[in-house]
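Residue numbers (the working numbering): 79 to 644.
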C-alpha cells in the first residue's frame, strides 16, 4: 500500500476544521463508491473515508445488525469460519442495555463468569436445605454466612493496589465490574438474611408472645439492622445515575457507609469477625500503606484553559527518582514514571475545603517517559462538568499554578502488550479518550523504533501498521494535542484519521471505517489485528460488536475497551 503524505491537512486550521478538499487515496475497488469523501480528513496513507451521518444518528446504529454481514464483496478473502471463531465472536459480543432501567451489560464472556459466580453463591446458600418452616432459621442464617464469607473478596476487588493484578494481568479498574456485581449480590444476601429472620420471628417466635418491637430491639438484631441499612444505602448511592450526578457525594458516602457497616457486622455476630478483620485489613493497607505513603506525591502544576474553553490542561515536570528494589512488590510512584494507559488520582486541596479529601481519576495524557529521561512531563486533560472539574476550570481563570497531590500511577499492561504483538494496531478513541490513545501511539512508536533511521525513513522500516481514529465533537478539540504533534506522528508512520467534528456532520460510519481498514491492511499483509478503544459507552459497544462480527467471519482480531469502572 503506497504511502502519500498528507501533512497539509494538519498544518492549517481551515483544512482540518472543515474545508471542501476531497481526500481519496484508496482505489475504487477497495472502497464502496457510495461513501462521501468529505466525511473524513486523514493525515496518513490509504485514507479511509466514512459516511457522515445526520446529527441524530447514534453509535448504536450497527448494534442491531447480525454478526454475519451479507453483500460485502470482500468477504471471499476472509479465512474460513470455525466453531472457535464463532465462540470467540459470541464471547466478545456486548448485548444492548437492559430496557426501562437502561442497565449496561458487559460482553458475553464477562457475563458468563458473573453468572457462574452468582450460581456458586446460590449453591452454597441452598445446599442441603429442606424448605420447611423449621429450617427457615438455618436458611436465613446461611444467607448471612455467605454474605460475610464474601466480604474479603469484595474489599479485595475494590482495592486500588491488589495482588489479583499479578494473577490476572489486569488492574483494579478492569476488575471493578466484579466488585460492583459482588456488592449487588451481597446487598441481596443481606436482604434475604433480614427477610428470613423476620419470617422466623413471624412463624416461630411471635406465637409465643414475643412482639415485633421487642424482637427488633434485641442487641443482635439492632446491630444487624444497622449493617443492613448501611449496605443497602451504599448500594443505592452507588447506582450509575447517582454516581454520575453526585460523584463527590458518592465518594464520601462510599467510604463512610462501608466503615459503619463493617463495625455493625463485626459486633453483630462472632462468626463474622474474622471476615470483617480481613476486609478491614485490606482496606487499611490499600488506603494507608500504599495510597497515602507509597504512591502519593505532591506536585506543583501549571494549568491552562484550552481552545474549547471547557477543558483544562494540567501539566507538571517531575524529576525522576527511582523507587528502589521493592517497586515490583509495592508498586511505583509518579516519581519513577508511568506507562501508557496509566491513570492517577488527583487532589487539589486549594480549590475548597470539600476537595481536601476528594481524589478524582484522570488518565495521563502525555506519553510515557523513556528509561533514559530524567525529567518527566505529566499532562492531564480535564473536561469541565460539575463539582471538582468545574471548580478547577473557574480557578484556572484566576491563577496559572496550583499545588496538587497525585496518587498513582495505576493501570495494566494488557492493552499495550496486545498492540505490541499485532500486525495492525488500531486505536479508536472518542473525545477525551485521546488521553488513552495518544500515549499508546507514542508507546508503539518507541517500541518499534529502528536504529537504522539514517538509512531509510521511519515509516518504511516499521513492519507494524499503526492507525489512530479520533472522533471529535468540536474542531477546537484538536488543540488538546496540537496539529504539530499529529503531524510528527504521521511522519513516523502512523496513519491518523480524524473525521470532521460530529457537531458539524453527525457521527461517522465508524463500523464501516473499521471493516475497510481491516480488509485493506489484510491485503497488505497485516493478518493479526488488535484494537484498543476508549470513549463513550455506546461507541465502545459499537466498536466491540464490529470486531465481534469480523471475528465471526474468521478474522484474527482482539479488542480491549479502556474505560474507568467506578
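Just so you know, even glycine gets a beta-carbon here, dropped at the ideal spot from N, CA and C.
Along the chain, where does the beta strand (DSSP E) containing residue i start, and where does it finish?
| i | result |
| --- | --- |
| residue 645 | The first residue shown for the chain is 79 and the last is 644, placing residue 645 beyond what the model contains. |
| residue 548 | 543 to 549 |
| residue 636 | 634 to 639 |
| residue 439 | 438 to 441 |
| residue 608 | 606 to 612 |
Cα-Cα, which of the options is closest to residue i?
| i | options | result |
| --- | --- | --- |
| residue 425 | 606, 326, 205, 216 | 326 |
| residue 312 | 631, 207, 336 | 336 |
| residue 458 | 480, 421, 489, 475 | 421 |
| residue 347 | 511, 631, 305, 467 | 305 |
| residue 574 | 555, 504, 628 | 504 |
| residue 388 | 447, 367, 331, 472 | 472 |
| residue 496 | 488, 609, 596, 507 | 609 |
| residue 620 | 606, 607, 587 | 587 |
| residue 589 | 611, 317, 307, 582 | 611 |
| residue 293 | 275, 169, 309 | 275 |
| residue 249 | 629, 565, 506, 489 | 489 |
| residue 434 | 320, 615, 330 | 330 |
| residue 559 | 509, 591, 592, 605 | 509 |
| residue 282 | 247, 567, 443, 211 | 211 |
| residue 168 | 386, 187, 235, 440 | 187 |
| residue 262 | 222, 446, 287, 232 | 232 |
| residue 428 | 410, 579, 466, 219 | 466 |
| residue 565 | 520, 493, 632, 322 | 520 |
| residue 310 | 271, 298, 345, 289 | 271 |
| residue 49 | 285, 375, 400, 498 | Limits of the chain in this structure are 79 at one end and 644 at the other, which puts residue 49 out of reach. |
| residue 545 | 562, 378, 523, 160 | 523 |
| residue 189 | 280, 255, 372, 603 | 255 |
| residue 461 | 419, 512, 416 | 512 |
| residue 302 | 641, 399, 267, 412 | 267 |
| residue 205 | 194, 594, 220, 368 | 220 |
| residue 296 | 285, 339, 308, 279 | 279 |
| residue 447 | 175, 355, 415 | 415 |
| residue 237 | 200, 201, 367, 222 | 367 |
| residue 613 | 358, 322, 506, 218 | 506 |
| residue 200 | 213, 493, 223, 165 | 223 |
Please classify residue i as buried or exposed, where buried requires at least 16 other C-beta atoms within 10 Å of its C-beta.
| i | result |
| --- | --- |
| residue 452 | exposed |
| residue 601 | exposed |
| residue 184 | buried |
| residue 172 | buried |
| residue 455 | exposed |
| residue 430 | exposed |
| residue 244 | exposed |
| residue 148 | Residue confidence is low: residue 148 scores 41 on pLDDT, short of 50, so the model does not pin down where it sits. No coordinate-derived value is stated. |
| residue 599 | buried |
| residue 162 | exposed |
| residue 638 | buried |
| residue 555 | buried |
| residue 259 | buried |
| residue 532 | Bear in mind that the predicted position of residue 532 carries a pLDDT of just 40, short of 50, making it too unreliable to give a figure here. |
| residue 517 | buried |
| residue 228 | buried |
| residue 626 | buried |
| residue 208 | exposed |
| residue 581 | exposed |
| residue 534 | At residue 534, the pLDDT of 38 sits below 50, so the modelled position is not reliable and the matter cannot be decided from this model. |
| residue 631 | buried |
| residue 352 | exposed |
| residue 487 | buried |
| residue 476 | exposed |
Can you give me the start and stop residues for the alpha helix (DSSP H) that residue i sits inside?
| i | result |
| --- | --- |
| residue 196 | 186 to 204 |
| residue 616 | 615 to 630 |
| residue 216 | 214 to 236 |
| residue 506 | Note, residue 506: premise wrong, no alpha helix (DSSP H); beta strand (DSSP E) at 502 to 508. |
| residue 596 | 588 to 601 |
| residue 466 | 466 to 474 |
| residue 519 | 512 to 525 |
| residue 420 | No alpha helix (DSSP H) holds residue 420; DSSP gives it neither H nor E. |
| residue 582 | 580 to 583 |
| residue 494 | 492 to 498 |
Please check the pair residue i and residue j, which I expect to be a contact at CB under 8 Å, by giving their CB distance rounded to whole angstroms.
| i | j | result |
| --- | --- | --- |
| residue 515 | residue 548 | 7 Å |
| residue 381 | residue 480 | 6 Å |
| residue 474 | residue 596 | Residue 474 to residue 596, Cβ: 42 Å. No contact. |
| residue 552 | residue 386 | 6 Å |
| residue 264 | residue 225 | 6 Å |
| residue 356 | residue 230 | 4 Å |
Would residue i count as contacting chain D if we go by Cβ distances under 9 Å?
| i | result |
| --- | --- |
| residue 609 | Looking for chain D here will not work: only one protein chain is present. |
Next item on the list: Pick out the complete alpha helix (DSSP H) segments inside the region 341 to 397, 4 residues or longer, and give them in chain order.
Entry: 351 to 362
Next item on the list: Return the chain-ordered ranges of every alpha helix (DSSP H) run that is complete within the region 242 to 320 and spans a minimum of 4 residues.
Entry: 242 to 246, 250 to 278, 290 to 294, 297 to 314
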